[in-house]
Amino acid sequence: MVEEGSTLLRRMEISVAEAEKRTGKNTVNMQEIFTVYLIETRPIDAITEGHNPAPDSLWRRYSEFEILRNYLLVTYPFIVVPPLPEKRAEFVWHKLSADNMDPDFVERRRVGLENFLLRVASHSVLSNDKILYHFLTEEHRWKEVVCETGFQAKADSRIKALSATFRVKNPDKRFTEMKHYSDELQSLTSQLLRVRARVADRLYGVYKVHGNYGRVFSEWSALEKEMGDGLQSAGHHMDAYAASVDDMLEEEEHYADQLKEYLFYAEALRAVCRKHELTQYELETASSDLISKKQQREELATGMVRTFSFKGMTNKLFGQETPEQREAKLSLLEEQIVQGEETVTEKTVECEEYVKGAWVDMQRFKEQKDRDLREALIGYAVMQISMCKKGIQVWTNAKECFHKM
Amino acid sequence: MSAGTPKSLASSGQKPIQEICHPLGAEDTASVLTPSPDVGNTITSIGGKDLSLPNGTPVETSSPASSSSLLNRLQLDDDLDGETRDLFVTVEDPKKHVSTMETYITYMVATKTTRVEFDLPEYSVRRRYQDFDWLRTKLEDTQPTHLIPPLPEKFVMKGVVDRFSEEFVETRRKALDKFLKRVADHPVLSFNEHFNAFLSAKDLNKRQGLALLSKMGESVKYVTGGYKLRGRPVEFSAMGDYLDMFTQKLGTIDRIAQRIIKEQSEYQVELREYGPVYTTWALSEAELQGPLEGVASCMANCSSALDELTQDMSEDFLPVLREYVLYIESMKIVLKKRDNIQAEYEAKLEAAAFRKEDRASCTQVPTDVEKCHDRVECCNADLKSDWDRWQNNKRQDFRQLLTGMADHNIQYYEKCLAAWESVIPLLRDKQPQETETEED
Numbered sequence: 001m002v003e004e005g006s007t008l009l010r011r012m013e014i015s016v017a018e019a020e021k022r023t024g025k026n027t028v029n030m031q032e033i034f035t036v037y038l039i040e041t042r043p044i045d046a047i048t049e050g051h052n053p054a055p056d057s058l059w060r061r062y063s064e065f066e067i068l069r070n071y072l073l074v075t076y077p078f079i080v081v082p083p084l085p086e087k088r089a090e091f092v093w094h095k096l097s098a099d100n101m102d103p104d105f106v107e108r109r110r111v112g113l114e115n116f117l118l119r120v121a122s123h124s125v126l127s128n129d130k131i132l133y134h135f136l137t138e139e140h141r142w143k144e145v146v147c148e149t150g151f152q153a154k155a156d157s158r159i160k161a162l163s164a165t166f167r168v169k170n171p172d173k174r175f176t177e178m179k180h181y182s183d184e185l186q187s188l189t190s191q192l193l194r195v196r197a198r199v200a201d202r203l204y205g206v207y208k209v210h211g212n213y214g215r216v217f218s219e220w221s222a223l224e225k226e227m228g229d230g231l232q233s234a235g236h237h238m239d240a241y242a243a244s245v246d247d248m249l250e251e252e253e254h255y256a257d258q259l260k261e262y263l264f265y266a267e268a269l270r271a272v273c274r275k276h277e278l279t280q281y282e283l284e285t286a287s288s289d290l291i292s293k294k295q296q297r298e299e300l301a302t303g304m305v306r307t308f309s310f311k312g313m314t315n316k317l318f319g320q321e322t323p324e325q326r327e328a329k330l331s332l333l334e335e336q337i338v339q340g341e342e343t344v345t346e347k348t349v350e351c352e353e354y355v356k357g358a359w360v361d362m363q364r365f366k367e368q369k370d371r372d373l374r375e376a377l378i379g380y381a382v383m384q385i386s387m388c389k390k391g392i393q394v395w396t397n398a399k400e401c402f403h404k405m
Numbered sequence: 001m002s003a004g005t006p007k008s009l010a011s012s013g014q015k016p017i018q019e020i021c022h023p024l025g026a027e028d029t030a031s032v033l034t035p036s037p038d039v040g041n042t043i044t045s046i047g048g049k050d051l052s053l054p055n056g057t058p059v060e061t062s063s064p065a066s067s068s069s070l071l072n073r074l075q076l077d078d079d080l081d082g083e084t085r086d087l088f089v090t091v092e093d094p095k096k097h098v099s100t101m102e103t104y105i106t107y108m109v110a111t112k113t114t115r116v117e118f119d120l121p122e123y124s125v126r127r128r129y130q131d132f133d134w135l136r137t138k139l140e141d142t143q144p145t146h147l148i149p150p151l152p153e154k155f156v157m158k159g160v161v162d163r164f165s166e167e168f169v170e171t172r173r174k175a176l177d178k179f180l181k182r183v184a185d186h187p188v189l190s191f192n193e194h195f196n197a198f199l200s201a202k203d204l205n206k207r208q209g210l211a212l213l214s215k216m217g218e219s220v221k222y223v224t225g226g227y228k229l230r231g232r233p234v235e236f237s238a239m240g241d242y243l244d245m246f247t248q249k250l251g252t253i254d255r256i257a258q259r260i261i262k263e264q265s266e267y268q269v270e271l272r273e274y275g276p277v278y279t280t281w282a283l284s285e286a287e288l289q290g291p292l293e294g295v296a297s298c299m300a301n302c303s304s305a306l307d308e309l310t311q312d313m314s315e316d317f318l319p320v321l322r323e324y325v326l327y328i329e330s331m332k333i334v335l336k337k338r339d340n341i342q343a344e345y346e347a348k349l350e351a352a353a354f355r356k357e358d359r360a361s362c363t364q365v366p367t368d369v370e371k372c373h374d375r376v377e378c379c380n381a382d383l384k385s386d387w388d389r390w391q392n393n394k395r396q397d398f399r400q401l402l403t404g405m406a407d408h409n410i411q412y413y414e415k416c417l418a419a420w421e422s423v424i425p426l427l428r429d430k431q432p433q434e435t436e437t438e439e440d
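Each protein sequence line maps, in turn, to chains A and B.
The first sequence begins at 1 in full-length UniProt numbering and counts up by one.
The second sequence begins at 1 in full-length UniProt numbering and counts up by one.
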């Protein structure tokens, strides 16, 4: 997924080459086993010049990837940030291991982490980030450096803000539609993943029962004279048939992973839309604040009460303030109005820029999604074709054996 | 072959009991056919000729398809030991007959033969299950030393199985067809006078009551004879052992086949939910709508292909497997009969030796003991040749059965393959996109 423009990926080859187990002490000082992943990088110039330098490499664990992603989320809120592979195995069909230590799970995670880095490094905006570069090239001190950016505090307030309920009056309609779409995408992909897991389970059952034919044909062949050989060989084919399903379903997990990526992408897309609503809301709040302050000034200056206000009431009941008090209030209001106008201007710009930037990235995301999912569906169809061909092969072989009975 | 309510056969209509004769009465339907030397012509004329039941209702012969399937059936039978066949029998064209007393199915039994024992080269008669049962009983009585092929089960639980559903009748027809073919292939049984009558006579003149009585006679005597067997020849013991073990294996295969059908059905259930999710998703998408809908329809195709596979296995595979159990039972009965004949002989021999000691005058073996001895020898010889024939038939039958199973599975995968291959170009094809020029 290499993008146009001078992204990091054009200058540097990145891969997550290996995974290893390590032991260490965790935050509560208990022994734990965790997996680390080897990130390898090589400058592209060196490769194209014909040299073949050894890659630079460093080890990172999953939690460090999480920190990187959270940093990117708060630093670039208008970008649909690529997701990480799942933290825990979900949508598991029953024979598939849900254990994080399972080698197949680790392998799929390695692929997912590499995919994450490639997507980030090929993004026109994200790939220029210094923290990202540091993550890829310097093993030590990275955590300290990223914490120094103060992103953590922003991350916490972001979570709060995005889940708060507020009524925004005039959101950009396109963003509202996009948010709606992200909800549907999330719901549909998760439903699809759930049913697919059940289908895989059932398919597994069908194939495995055929293994019983293998056994009984073998036993039966011992009873027979002429029929024996044919039966015995046919039995072997039935065993092969039953065994073939394990590899096929393991391969299909790749398709599930592709769907999962977009399940998580939907979340990221939704967050971008919500951030717009938040920004718009802040603008609307600042604007209405400004309007009300201006109104108050007018009332104070002219003495006319345009709208009902508590102050107006108390003035009527208890008498008006002294001229000095009024002067003081007016000055304060003037200051506030000036500030308010600045705020509104800032917020308006912020909003406009946000909308512009976010819309561009959402379009980019849409095109990427259409491409990727199309590829995923093609891959899935190819897998199914391969499975059918294997089925035909096995049963044709068995049929030949039956013929020879 | 729908999974819905089983279809019933076209009935010949309600008629009061006086007007209904047994289809075998009155005119001989066989006399309508003219003998012809040319095989090809005759077969089409069986199919195309206006046959009518004695009560005047024309028999709706099902289409040219039935005559071609008749031909297929004739050609499918392998030549055993390269014998030239001179007797061909098929069971076709089931029809329902409704009277106020009862409703039953008849089948057309068609014969082609060059044997001199038959008056005509071709026959076409209508028979019901009762008639087949009568035949089998007669064969058992008159050929007690031979293995008589089994009939499909006589009794079905009313309310559980619909005796008139297309599925049930077809399964039964196939089994009856198999039965007659096995008899026709037998070098001794096929010359039996009752078999001849069954194939050719208009009225079987069964005298049911007598048949029932005679059924109780000879067969039972041979099966439940109270003699104790001393020394069974090894080869017959081996046969018995084989049959026991073989029965076990058949039982296992039956269970596996059922389990597979069950697993496939459960797989089906999930598939039927899986496809529609893609359809729903397609509604939310623009460029992906085509591909997603393509995948959904592909899955629907695979789902119906699976449905057909499961049906075929239920209808073709399981019944034949189960019917073999009956065949084994028949064989076991024959072995038992043989044992009893030998036991009788041993007992008589012992008794004669005893008396011989007493009288001390007779030097020759008494004739009834000699007769017994002959019977034993005869029985053993018949059994051995029947056993060989049975083994050979079994081999062919299972070759056919298992090959059929493989074929059904191959067809299933081929259908699925075609569906997925046809969706690939749809997935690859990008529709020209309407450019969205919405700027802020």
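Glycine included, each C-beta is placed from N, C-alpha and C at the ideal position.
What you are looking at is a predicted structure, and each value in this text was computed from that prediction instead of being measured.
Residue range of the unbroken alpha helix (DSSP H) whose run includes residue i
i      : result
B:R173 : 166-185
A:I378 : 323-403
A:E253 : 228-302
B:R272 : 234-284
B:M405 : 367-428
B:H194 : 193-200
A:M101 : Element bounds for A:M101: n/a, residue is neither H nor E.
A:Q186 : 173-221
A:T48  : 44-48
Amino acids of chain A, ordered along the chain, whose beta-carbon sits closer than 7 Å to that of residue i
i      : result
B:E414 : I392
B:I253 : V216
Euclidean distance between Cα positions of residue i and residue j
i      : j      : result
B:V376 : B:E370 : 10 Å
A:T345 : A:K173 : 22 Å
B:D407 : A:M405 : 16 Å
B:L147 : B:W387 : 8 Å
A:D370 : B:Y267 : 30 Å
B:L139 : B:L189 : 7 Å
B:Q264 : B:Y278 : 22 Å
B:A286 : A:A19  : 39 Å
B:A418 : B:I410 : 12 Å
B:G404 : B:A110 : 26 Å
A:D129 : B:G275 : 42 Å
A:S221 : A:G228 : 4 Å
Under 7 Å from the C-beta of residue i: neighbouring residues of chain B
i      : result
A:A398 : A406
A:F402 : R399, L402, T403, A406
A:V28  : Simply none; closest approach about 42 Å.
A:C388 : Y413, C416, L417, W420
A:Q280 : Near A:Q280 there are no residues of chain B at all, since even the closest Cβ is about 13 Å away, more than 7 Å.
Counted within 10 angstroms of its Cβ, other Cβ atoms place residue i as buried (16 or more) or exposed
i                      : result
A:Q363                 : exposed
A:D361                 : buried
residue 410 of chain A : What the structure shows of chain A is the stretch from 1 to 405, and residue 410 of chain A is not part of that stretch, so it cannot be assessed.
A:A199                 : In the sequence under discussion, the amino acid at residue 199 of chain A is Val, which differs from the Ala named in the question. Buried.
A:E177                 : exposed
A:L136                 : buried
Beta-carbon contacts of residue i that lie in its chain and below 7 Å, excluding the five residues immediately before and after
i                      : result
B:I261                 : T310, M313, S314
A:A268                 : V80, V81, P83
residue 468 of chain B : In this structure chain B extends from 1 to 440, so residue 468 of chain B is not present and cannot be described.
A:A234                 : F217, A398, C401, F402
B:W390                 : L147, M331
Interface partners of residue i on chain A, CB under 9 Å
i      : result
B:R428 : R374, I378
Distance cut-off 7 Å: residue i Cβ against heavy atoms of the ligand HEM
i      : result
A:R110 : Only the bare structure without any ligand can be found here, which leaves the ligand HEM out of the picture.
Partners in chain B for residue i, counting only beta-carbon separations shorter than 8 Å
i      : result
A:R158 : Chain B residues near A:R158: none, gap ~24 Å exceeds 8 Å.
6 Å CB neighbourhood of residue i in its chain, flanking five on each side removed
i      : result
A:L8   : A121, S127
B:Q282 : For clarity, residue 282 of chain B is Ala in the given sequence; the question names Gln instead. Only Q289, L292, E293 meet the Cβ criterion.
Interface partners of residue i on chain A, CB under 8 Å
i      : result
B:S284 : Y181, E184, L185, L188
Element boundaries [beta strand (DSSP E), containing residue i]
i     : result
A:F78 : Here A:F78 belongs to no beta strand (DSSP E), and DSSP marks it neither H nor E.
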